[in-house]
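J.: This is the structure I want to talk about, given as structure tokens.
Number of protein chains: 2
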Amino acid sequence: MARPTVNDVARAAGVSLATVDRVLNARAGVREKTVERVNAAIEQIGYVRDVTAANLARQRLYQMVFVLPDAPALFVDTLRDAIAEATSSSLADRTEVRIITFPNGNPHALVKSLRALNADDTDGVAIFAPETPHVRDAIARLKSDGVPIVALVSDLPNTERDHFVGIDNIAAGRTAGFLMGKFLGKTGGSVMVLVSSMQARDNVERRLGFDQVMAESFRQIEVLPSIETHDDEGATERLVTEMLRNRPDIAGIYSVGHGSRALVDVLRDHERRESMTLIAHELTKITREALRDNLMDAVVSQDVGHIVRSALRVLRAKSDGRDIVHSQERIRIEIVVRENLI
Amino acid sequence: MARPTVNDVARAAGVSLATVDRVLNARAGVREKTVERVNAAIEQIGYVRDVTAANLARQRLYQMVFVLPDAPALFVDTLRDAIAEATSSSLADRTEVRIITFPNGNPHALVKSLRALNADDTDGVAIFAPETPHVRDAIARLKSDGVPIVALVSDLPNTERDHFVGIDNIAAGRTAGFLMGKFLGKTGGSVMVLVSSMQARDNVERRLGFDQVMAESFRQIEVLPSIETHDDEGATERLVTEMLRNRPDIAGIYSVGHGSRALVDVLRDHERRESMTLIAHELTKITREALRDNLMDAVVSQDVGHIVRSALRVLRAKSDGRDIVHSQERIRIEIVVRENLI
DNA sequence: GACTAAATGAGGTACGTACCTCATGTCAAT
DNA sequence: ATTGACATGAGGTACGTACCTCATTTAGTC
Numbered sequence: 023m024a025r026p027t028v029n030d031v032a033r034a035a036g037v038s039l040a041t042v043d044r045v046l047n048a049r050a051g052v053r054e055k056t057v058e059r060v061n062a063a064i065e066q067i068g069y070v071r072d073v074t075a076a077n078l079a080r081q082r083l084y085q086m087v088f089v090l091p092d093a094p095a096l097f098v099d100t101l102r103d104a105i106a107e108a109t110s111s112s113l114a115d116r117t118e119v120r121i122i123t124f125p126n127g128n129p130h131a132l133v134k135s136l137r138a139l140n141a142d143d144t145d146g147v148a149i150f151a152p153e154t155p156h157v158r159d160a161i162a163r164l165k166s167d168g169v170p171i172v173a174l175v176s177d178l179p180n181t182e183r184d185h186f187v188g189i190d191n192i193a194a195g196r197t198a199g200f201l202m203g204k205f206l207g208k209t210g211g212s213v214m215v216l217v218s219s220m221q222a223r224d225n226v227e228r229r230l231g232f233d234q235v236m237a238e239s240f241r242q243i244e245v246l247p248s249i250e251t252h253d254d255e256g257a258t259e260r261l262v263t264e265m266l267r268n269r270p271d272i273a274g275i276y277s278v279g280h281g282s283r284a285l286v287d288v289l290r291d292h293e294r295r296e297s298m299t300l301i302a303h304e305l306t307k308i309t310r311e312a313l314r315d316n317l318m319d320a321v322v323s324q325d326v327g328h329i330v331r332s333a334l335r336v337l338r339a340k341s342d343g344r345d346i347v348h349s350q351e352r353i354r355i356e357i358v359v360r361e362n363l364i
Numbered sequence: 023m024a025r026p027t028v029n030d031v032a033r034a035a036g037v038s039l040a041t042v043d044r045v046l047n048a049r050a051g052v053r054e055k056t057v058e059r060v061n062a063a064i065e066q067i068g069y070v071r072d073v074t075a076a077n078l079a080r081q082r083l084y085q086m087v088f089v090l091p092d093a094p095a096l097f098v099d100t101l102r103d104a105i106a107e108a109t110s111s112s113l114a115d116r117t118e119v120r121i122i123t124f125p126n127g128n129p130h131a132l133v134k135s136l137r138a139l140n141a142d143d144t145d146g147v148a149i150f151a152p153e154t155p156h157v158r159d160a161i162a163r164l165k166s167d168g169v170p171i172v173a174l175v176s177d178l179p180n181t182e183r184d185h186f187v188g189i190d191n192i193a194a195g196r197t198a199g200f201l202m203g204k205f206l207g208k209t210g211g212s213v214m215v216l217v218s219s220m221q222a223r224d225n226v227e228r229r230l231g232f233d234q235v236m237a238e239s240f241r242q243i244e245v246l247p248s249i250e251t252h253d254d255e256g257a258t259e260r261l262v263t264e265m266l267r268n269r270p271d272i273a274g275i276y277s278v279g280h281g282s283r284a285l286v287d288v289l290r291d292h293e294r295r296e297s298m299t300l301i302a303h304e305l306t307k308i309t310r311e312a313l314r315d316n317l318m319d320a321v322v323s324q325d326v327g328h329i330v331r332s333a334l335r336v337l338r339a340k341s342d343g344r345d346i347v348h349s350q351e352r353i354r355i356e357i358v359v360r361e362n363l364i
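Chains U and D, in that order, are what the protein sequence lines are. Here the first sequence is numbered in the numbering used here, starting from 23 and rising by one per residue. Here the second sequence is numbered in the numbering used here, starting from 23 and rising by one per residue.
Set out below in structure tokens:
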């Protein structure tokens, strides 16, 4: 009944402890046939390495790095808070977390930061950044150095990142579209769409998914072209105000990007506030208050706590060459309304 | 920089390792003043016990028990699957899981099962059962034996359970009500409500929340009295079929309980299928398919995987007398629609 | 069969903590 | 001053694994 140990493996394989150790830790100097015999024994008696004992013996300290932009969007702050919270309890799993911030929209600064990292003092990197050629190169270098890398929130599919921690943004856009369609109902109307930037992969994908659903299931609703805000709050306020003045047919607003402060500010005291259906992404202080005040109807979000914990789990696993449990690492697309706000 | 150990504490407090050990493990034979000195030193140098090393030394094996009904509702199977999945990886955190099943609606069998448990071979119990006087007594006995207990899915507030792992069911009902109101829109109509049993606390609370929101925000919708199904599929089919025949004003159906198979079966080929708004609880094989097939509009759910993992974490913490991180143990009320189905 | 290189074994220490024993210290009551 | 009770110290072993050294065996080559 008791869990088998390395000594049991040694006995079962008819070799010494030292040989089992060499096999387990992939050290050289063991004949292929012996390796097989040991592995067979491991299989047969169901040995599983005691990771905690191993880490204790190894005096393992995982040194992880999060790379984030200093974008003015509140979502990034939320993410940063989640990292801070994970850090406070990370001591328990021998994980040390550093955060590197790079100026928003400055790929050179980002690349410079990434260049400072190396395999000696970092066991894993989680990156939230747009995919540019420079970033691709920097990631390739880190990978060739043997540093595990995960993309955070926005995927980097054309790089060698080991894993993507975040939601399927097309599906997130589809979800927002479905809700918009259902909420607007038979009457229909037009929908204004605000995106941060058409450079940001997640924004583009959400818009794509939104349009898909609208075309498939809600033909009575007209979706207007995207308005790019570039996270500029002043500009956004002007654009939204003007749009609302000129287009009485607008019945809904879909905020695709990571920040919705300006939009909420405009609408809070607007005369059309009551009749407007508002759907945004990411649960932050702003969207939370807007939901509570019945100003916003739904928020499509992702749990940043999960994202951070998942990123750390995946990086630790990759760093140890272990497999990950995919079902546990799937990040859900959450729908938050006034009533299930926490 | 390195994490302080017991030896550092001993040095800082000016006592021996043995005394620190006595203090840490609450063993007798240490003067009050010395205890204080050691605790001060712990505080000052920021010592945190290495739980993994401690468990290794202690050869700790957490023996946890889940107590579940054999209700025919699919949700219980889903929960059982989640426990099975958690069990497969529980080896890593020295946790052994047993499942005890009791016949649905038979409190005596349940109490008999609980009586068989004792502090010697169980370090924690997670219970999903209705709160009856017998159950209360059984729980009180276990608690007086020093066994940590958490209520699962449905709370047992009048018992001495240490914690409740599950959602706020009033809020869950409110969420369902909000969606129903939004989906039905200005036109309104009547809503049929199906509950498993008015004995089940979670069902009652959901119904309560649903009615609250309807009364507050959607006065144009008439909510009909609850229909009790007692998880009897044949009876449910008859009741629903009849109701739909007699009441052309019904525009929505809210399924409060843990099972929706019969409801889905009736509606799948029903002529009014298209015009009906359907909202149910718990993501199972049945509701999942119904969402996918556009038969159901939304499911208000709770992640059983989280519930199981959270229950185990809480029980381990209680068993060690450690505090729990409440933010991590909060179970979210999830809204699942066709587009964010995983 | 002698030589060499590679493979394996034997045995140790260490990680941070738990838990044990035995010796020695302290203090107050007698 | 002696006794006894209690407090504390010293030092050990153990948990399961990593990693080290050195000796010994084995396999392959000539």
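Here a beta-carbon is modelled for each residue, glycine too, at the ideal position from N, C-alpha and C.
Would you say residue 78 (chain U) lies against chain D (beta-carbon separation less than 8 Å)?
T.: So, interface residue.
J.: Assuming the contact rule is C-beta atoms closer than 8 Å, residue 317 (chain U) and residue 295 (chain U) should be a hit. Round their C-beta distance to whole Å, please.
T.: Sure, about 7 Å apart at Cβ, within 8 Å.
J.: So, does the CB of residue 61 (chain D) fall closer than 8 Å to a CB anywhere in chain U?
T.: No, because no Cβ of chain U sits closer than 8 Å to the Cβ of residue 61 (chain D).
J.: If the cut is a Cβ gap below 8 Å, which residues of chain D does residue 238 (chain U) touch?
T.: In chain order: nothing, as chain D lies at least about 10 Å away.
J.: Looking at C-beta atoms only, is the number of pairs between the segment 34-49 of chain U and the segment 77-93 of chain U that lie closer than 8 Å three or more?
T.: Short answer: they don't touch.
J.: Just reading off the alpha helix (DSSP H) that residue 68 (chain D) is part of, what are its end residues?
T.: Counting along the chain, residue 68 (chain D) falls outside any alpha helix (DSSP H), and DSSP gives it neither H nor E.
J.: Look at the alpha carbon of residue 198 (chain U) and the alpha carbon of residue 304 (chain D), and state the distance between them as a whole number of angstroms.
T.: Near 21 Å, if we compare the C-alpha coordinates of residue 304 (chain D) and residue 198 (chain U).
J.: Looking at chain U, which residues of the segment 171-203 of chain D have a Cβ within less than 8 Å of any of its Cβ atoms?
T.: Those would be 193, 194, 196, 197, 199, 200, 201, in chain order.
J.: Please classify residue 340 (chain U): is it buried, with 16 or more other beta-carbons within 10 angstroms of its beta-carbon, or exposed?
T.: Label assigned to residue 340 (chain U): buried.
J.: Which chain D residues sit within Cβ distance under 8 Å of residue 111 (chain U)?
T.: Going along chain D in sequence order, the residues near residue 111 (chain U) (Cβ under 8 Å) are 347.
J.: May I have the straight-line CA-CA distance separating residue 90 (chain D) from residue 100 (chain D), to the nearest angstrom?
T.: One C-alpha to the other measures close to 12 Å.
J.: Three or more beta-carbon pairs under 8 Å between the segment 347-362 of chain U and the segment 188-195 of chain U, yes or no?
T.: Segments in contact, yes.
J.: Would you list, in sequence order, the uninterrupted alpha helix (DSSP H) runs of no fewer than 4 residues that lie entirely inside the segment 266-310 of chain D?
T.: For the segment 266-310 of chain D, whole alpha helix (DSSP H) runs of length 4 or above, ordered along the chain, are 283-290.
J.: Tell me whether residue 251 (chain D) sits in a helix, a strand or coil according to DSSP, three-state version.
T.: Residue 251 (chain D) falls in the coil class under three-state DSSP.
J.: Please compile the residues from chain D whose C-beta is within a distance smaller than 9 Å of the C-beta of residue 398 (chain U).
T.: Since the displayed chain U opens at 23 and closes at 364, residue 398 (chain U) lies outside it and no answer follows.
J.: Excluding the 5 residues preceding and the 5 following residue 242 (chain U) in the sequence, name in chain order all residues of the same chain whose CB lies nearer than 6 Å to its CB.
T.: So the qualifying residues of the chain are 210.
J.: Using a beta-carbon distance below 8 Å, is residue 362 (chain D) in contact with chain U?
T.: Judged by the 8 Å Cβ criterion, residue 362 (chain D) is in contact with chain U.
J.: Below 8 Å, can you find three or more Cβ-Cβ pairs linking the segment 269-285 of chain U to the segment 298-315 of chain U?
T.: Yes, the segment 269-285 of chain U is in contact with the segment 298-315 of chain U.
J.: Since residue 146 (chain U) sits in a beta bridge, which residues does DSSP pair it with?
T.: The partner list for residue 146 (chain U) (beta bridge, DSSP) reads U:86.
J.: Distance, Cα to Cα, residue 323 (chain D) vs residue 56 (chain U)?
T.: Answer to the nearest angstrom: the Cα atoms are 51 Å apart.
J.: For residue 211 (chain D), report the span of its beta strand (DSSP E) as first-last.
T.: Residues 211-217.
J.: Quick one: Cα of residue 171 (chain D) to Cα of residue 67 (chain D), how far?
T.: When rounded, the distance between both Cα atoms is 34 Å.
J.: Between which two residues does the beta strand (DSSP E) harbouring residue 174 (chain D) extend?
T.: 171-174 is the extent of the beta strand (DSSP E) around residue 174 (chain D).
J.: Any contact of the segment 194-208 of chain U with the segment 172-181 of chain U, i.e. 3+ C-beta pairs under 8 Å?
T.: Output reads no: the segment 172-181 of chain U does not touch the segment 194-208 of chain U.
J.: By the three-class DSSP mapping on this structure, what secondary structure does residue 121 (chain U) have?
T.: Three-state result, residue 121 (chain U): strand.
J.: Please classify residue 323 (chain U): does DSSP put it in a helix, a strand, or coil?
T.: In this structure, residue 323 (chain U) counts as strand in the three-state DSSP scheme.
J.: Of the choices U:96, U:216, U:327, whose alpha-carbon is the least far from that of residue 248 (chain U)?
T.: Of the listed residues, the one whose Cα sits closest to residue 248 (chain U) is U:216.
J.: I believe residue 147 (chain D) touches residue 132 (chain D) by the beta-carbon criterion, under 8 Å. Please report the beta-carbon distance rounded to the nearest angstrom.
T.: Actually they are not in contact, since the Cβ atoms of residue 147 (chain D) and residue 132 (chain D) sit about 12 Å apart, beyond 8 Å.
J.: Kindly identify the DSSP beta-bridge partner or partners of residue 94 (chain D).
T.: According to DSSP, residue 94 (chain D) bridges with nothing at all.
J.: With distances taken from CA atoms, which of U:71, U:63, U:50 is nearest residue 343 (chain U)?
T.: Checking every option, the nearest Cα to that of residue 343 (chain U) belongs to U:71.
J.: Considering residue 186 (chain U), what are the terminal residues of the beta strand (DSSP E) in which it resides?
T.: Counting along the chain, the beta strand (DSSP E) containing residue 186 (chain U) begins and ends at 185-187.
J.: Taking the beta carbon of residue 349 (chain D) as the centre, do at least 16 other beta carbons fall within 10 Å, making it buried, or is it exposed?
T.: The residue in question, residue 349 (chain D), is exposed, as its Cβ has fewer than 16 Cβ neighbours within 10 Å.
J.: How far does the alpha helix (DSSP H) with residue 37 (chain U) in it reach, from first residue to last?
T.: Careful: residue 37 (chain U) lies outside any alpha helix (DSSP H) and carries neither H nor E.
J.: Please say whether residue 86 (chain U) and residue 20 (chain U) have beta carbons closer to each other than 8 Å?
T.: The shown model of chain U, from 23 to 364, leaves out residue 20 (chain U), and the question about it has no answer.
J.: Which chain D residues are close to residue 275 (chain U), counting only those with a beta carbon under 9 Å from its beta carbon?
T.: Those do not exist, as residue 275 (chain U) stays about 16 Å from chain D at its closest Cβ, beyond 9 Å.
J.: For residue 74 (chain D), decide whether its Cβ has a neighbour in chain U, counting only Cβ atoms nearer than 8 Å.
T.: Answer yes: the Cβ-Cβ gap between residue 74 (chain D) and chain U drops below 8 Å somewhere.
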